[in-house]
Amino acid sequence: MRNALTATAVHPTHPQQAGVIDLRGRLRACHVDERAAWFSLQEQLELALQQHAHELHFDEEPSCIRYRIRSTFATTEHQLPLDNPLRTALALLGKQVWPNDADELSHRAWFLIKVADQDLLFQSDHVKTSGGTAITLRPLYDIKNPLPQLEKIFALPGQANIVRENVQRHKGLILLADTDRTRRVRTARAISQCLTGPDQRILLSETNCHPLVPGVTQIALPVHASEEQKLAWQQACDMSYDVMIALESNHDVAQHAHQKSLVIQGVCTNTPGLALTQLIANGARPESIARSLNSIFTQHGIGLACQYCKCPTIPDERLERWMHRHSPVQSGAISDWLADRLTDNFVQTPGCASCHDTGVGAVTTLVDSIKITADIQEALFDADVRFATHALDQQAGVENQIIALARIGKISFLHAVQYLEKYKFQAH
Ligand SMILES: [Zn+2]
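Below, the structure is given as structure tokens:
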């Protein structure tokens, strides 16, 4: 028990720690035959990050390596020939991060690598497939950077305040919903940081390699947590903390939400209705949720228009349709509607050298805060989950936020259409 708790103070600036493999020195000292391969891996990682990638997939197939780069707004696919140096690099990487690949079918590891003069931490997942190996790489963060503040995560005006006011004012349960785990973890850490104070005891469930947040008790609870780690978390939850933040819905903490403490529960979804059903699927009773649930934050990653190539444009039919649905012309207020439309400032971003042809200048996070109204609370007391999820989804305002951002030229209208289509697809 004592070991499980003390083993949690893991910091990636100490590359010697178990779990994080430091490839920075190894790349400099490698054999001359391997140099071209490692160089191509560094180059590919740099190119992917320039495109704001948050996930890189490599799938070995008999005739090629299928390489997909996923970012918030696009997925691009390349087919690499088998004699590509990147293939050698992936094999070398596999040897470093997964030395005993004969005994396991899958393996997760973390490695440090220098990309464009930055020390970056990547998470790598290797899975054996019928064709060879499938590899997923995810950039976690620059280890030299300080912990992010809410203002840095939610770069748009007012967004950070929505979160801060909610977490500082309320007790009870708040759900933090995001399909992207890295984004959810970043926000959870930033919230824990903004709540620290001499009178606050804060508990945070953490991943294997996390930065230390001063003034916060962090318990490592990785995806494949050991029984000892799970026990350490449960025991810590019983120690009357003022704030408890759990990164995953199976870090069962919702039961501790009551009048005296604030519980923030991470869930892997991006609509408020699904966040509620996920909580119920994990064993929380609708009646106790009704007593404690205060609000649901849903997060979405969006790319802001590149300021160097953005130029005025008019929206196409699809966006017009969405705008019409979200702000229909009120009878008797046509002149107001027209005046409103005259201030519209739609942009498109054809791409330039500065944004590496992505049209995106920076990636930021949008947050939507959903209130638990009296009728939702009543429905939960009656165990009418269907009504509650519907009423929550009706309140979701992320579509309006995206339209508003397109109208003031903060995001390109084409990206707005993509987000709206993606969001609509996931919500229904
Ligand atoms: Zn540009």
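Each residue of the sequence shown is one higher than the one before, starting from 1463 at the first, in my numbering.
Each residue gets a CB set at the ideal place from its N, CA and C atoms; glycine is no exception.
Let me know the secondary structure DSSP gives residue i once reduced to three states.
i, result
"methionine 1785", "helix"
"glutamate 1517", "strand"
"proline 1608", "coil"
"serine 1654", "helix"
"proline 1547", "helix"
"glutamine 1512", "helix"
"glutamate 1539", "strand"
"alanine 1649", "Here residue 1649 turns out to be threonine, not alanine, going by the sequence shown. Correct three-state label for threonine 1649: helix."
"serine 1702", "coil"
"arginine 1497", "helix"
"arginine 1490", "helix"
"serine 1533", "strand"
"glycine 1765", "strand"
"glycine 1735", "helix"
"leucine 1755", "strand"
"aspartate 1661", "coil"
"arginine 1747", "coil"
"glycine 1677", "coil"
"glycine 1556", "helix"
"valine 1715", "coil"
"asparagine 1623", "helix"
"lysine 1692", "helix"
"leucine 1867", "helix"
"leucine 1876", "helix"
"threonine 1475", "With a pLDDT of 42 at threonine 1475, under the threshold of 50, the predicted position of this residue should be treated as unreliable, and no value is reported."
"glutamate 1566", "coil"
"alanine 1801", "helix"
"serine 1816", "coil"
Just list the residues that DSSP pairs residue i with in beta bridges.
i, result
"proline 1774", "Val1809"
"arginine 1600", "Gln1585"
"glutamate 1522", "Ile1527"
"tryptophan 1572", "Val1482 and Gln1585"
"glutamate 1668", "Ala1682"
"alanine 1639", "Val1729 and Thr1760"
"lysine 1590", "Thr1595"
"isoleucine 1447", "Limits of the chain in this structure are 1463 at one end and 1890 at the other, which puts residue 1447 out of reach."
"glutamine 1580", "Val1577"
"glycine 1634", "Leu1724"
"leucine 1618", "Answer is none; leucine 1618 lacks a bridge partner."
Would you kindly work out how many angstroms separate the C-alpha atoms of residue i and residue j, rounded to a whole number?
i, j, result
"serine 1816", "tyrosine 1770", "7 Å"
"glutamine 1880", "phenylalanine 1535", "7 Å"
"threonine 1591", "threonine 1537", "22 Å"
"arginine 1783", "histidine 1877", "15 Å"
"leucine 1666", "threonine 1679", "6 Å"
"serine 1874", "leucine 1804", "18 Å"
"valine 1647", "alanine 1617", "17 Å"
"alanine 1466", "isoleucine 1483", "Low local confidence applies: a pLDDT of 35 at alanine 1466 is under 50, so the model's placement there is unreliable, and no value is given."
"aspartate 1521", "valine 1589", "10 Å"
"phenylalanine 1849", "glycine 1659", "39 Å"
"alanine 1552", "alanine 1510", "The question names alanine, but residue 1552 in the sequence shown is leucine. Rounded to the nearest angstrom, the two C-alpha atoms are 15 Å apart."
"threonine 1826", "lysine 1872", "11 Å"
"arginine 1486", "leucine 1574", "6 Å"
"leucine 1567", "arginine 1631", "47 Å"
"tryptophan 1695", "tyrosine 1885", "34 Å"
"threonine 1775", "alanine 1515", "27 Å"
"glycine 1594", "proline 1684", "27 Å"
"glycine 1745", "histidine 1718", "13 Å"
"leucine 1736", "threonine 1851", "7 Å"
"lysine 1893", "glutamine 1611", "As shown, the chain starts at 1463 and ends at 1890. That puts residue 1893 outside it, with no answer to give."
"alanine 1824", "leucine 1489", "30 Å"
"arginine 1570", "asparagine 1807", "46 Å"
"glutamine 1655", "histidine 1818", "34 Å"
"asparagine 1562", "alanine 1853", "51 Å"
"lysine 1614", "leucine 1503", "29 Å"
"alanine 1682", "threonine 1669", "5 Å"
"lysine 1772", "valine 1577", "28 Å"
"glutamate 1517", "histidine 1493", "29 Å"
"threonine 1760", "aspartate 1545", "44 Å"
"proline 1673", "aspartate 1802", "46 Å"
"aspartate 1581", "aspartate 1846", "50 Å"
"glycine 1765", "threonine 1820", "9 Å"
"valine 1822", "glutamate 1690", "44 Å"
"alanine 1491", "aspartate 1579", "17 Å"
"tyrosine 1529", "alanine 1498", "19 Å"
"valine 1729", "leucine 1555", "32 Å"
Quick one: does residue i have its CB under 8 Å from some CB of chain B?
i, result
"leucine 1741", "This model lacks chain B altogether; it includes just one protein chain."
Query - beta strand (DSSP E) runs wholly inside the segment 1819-1857, at least 3 long, in chain order - result: 1822-1833
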